[in-house]
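FYI, the numbering for the sequence shown is 1 to 205, going by full-length UniProt numbering.
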Amino acid sequence: MDVFELDCDDDMREVIEKSARHLYGLVHARYIVTTRGLAKMLEKYKKGDFGKCPRVMCKSHPLLPTGQSDVPNVKAVKLYCAKCEDLYNPKSSRHTVIDGAYFGTSFHNIIFQVYPALIPPKSLDRYTPRVYGFKVHAPATLIRWQNARRDELRKRLRRLGIESGFKEEDVEPDEDDLEEDDEDVEVDMAAPAANLNIENGFTNR
């Protein structure tokens, strides 16, 4: 017989059950970073039980659950892809209500430290928008920022003598360079006109 059947009303029982679920979640966050817990999560990860990355370039790489905060009731659980190193929302609405603190912020990093062979090669491919086969100019601030950071990282790695692994692409000229080119053209076009005025001045005399 349930020990709470005689002493607890419905409201008290609901509070107790909610607290028990919360306690179980916090215990779960600590269990999955133990040796046995990591082994259990490894099995699920290999079977793709947590889902596959929706990004096309990742080719259905399996995901891992992770939290964005170790403090309960802050963020719901997210899914981490080790190939593109990004976070995604769970597809099932049943999973979107699970507290991220029940998995913690360290689990997905610890499992790759314990099992380094699981670390996948990073996704180097990026989608390039095209119109009739021609690359579309990327005005988006985010894409410009990503390109700048990638070029900066490539230069730093090159100075250190480390192969970056990034695919070489045609580097588009900066806007400043284009403006300088335009100024040069304006100066060159203005020079003949000035000479013509001088000649006309001598001719009119």
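Cβ coordinates follow ideal geometry from the N, Cα and C atoms, glycine included.
Quick caveat, the model's predicted, so the values are computed rather than measured.
- A straight-line Cα-Cα distance of about 29 angstroms links proline 121 and phenylalanine 134.
- For leucine 87, the closest of Lys52, Asp70, Leu118 and Val131 by C-alpha to C-alpha distance is Lys52.
- Taking the CA atoms as reference points, aspartate 151 sits about 19 angstroms from valine 136.
- Under the three-state reduction of DSSP output, arginine 55 falls in the coil class, being neither helix nor strand.
- Membership of aspartate 10 in the alpha helix (DSSP H) is indicated by the continuous run 10–31.
- Looking at the backbone, the Cα of glutamine 68 and that of isoleucine 110 are separated by about 15 angstroms.
- DSSP, reduced to helix, strand and coil, places alanine 148 within a helical segment of the structure shown.
- In the DSSP assignment, leucine 38 falls within the unbroken alpha helix (DSSP H) covering 35–47.
- Looking at the backbone, the Cα of cysteine 58 and that of alanine 82 are separated by about 9 angstroms.
- For valine 114, the enclosing alpha helix (DSSP H) covers residues 107–114.
- For a cut-off of 8 angstroms, the C-beta gap from glycine 48 to lysine 78 is around 17 angstroms, too long to register as a contact.
- CA-CA distance, isoleucine 143 to tyrosine 102, rounds to 34 angstroms.
- In this chain, the beta strand (DSSP E) harbouring cysteine 81 covers 78–81.
- Beta-bridge annotation (DSSP): valine 131 is paired with Phe134.
- Going by DSSP, tyrosine 102 is part of no beta strand (DSSP E) at all; its letter is neither H nor E.
- One thing to note: histidine 108 has its Cβ within 8 angstroms of the Cβ of leucine 64.
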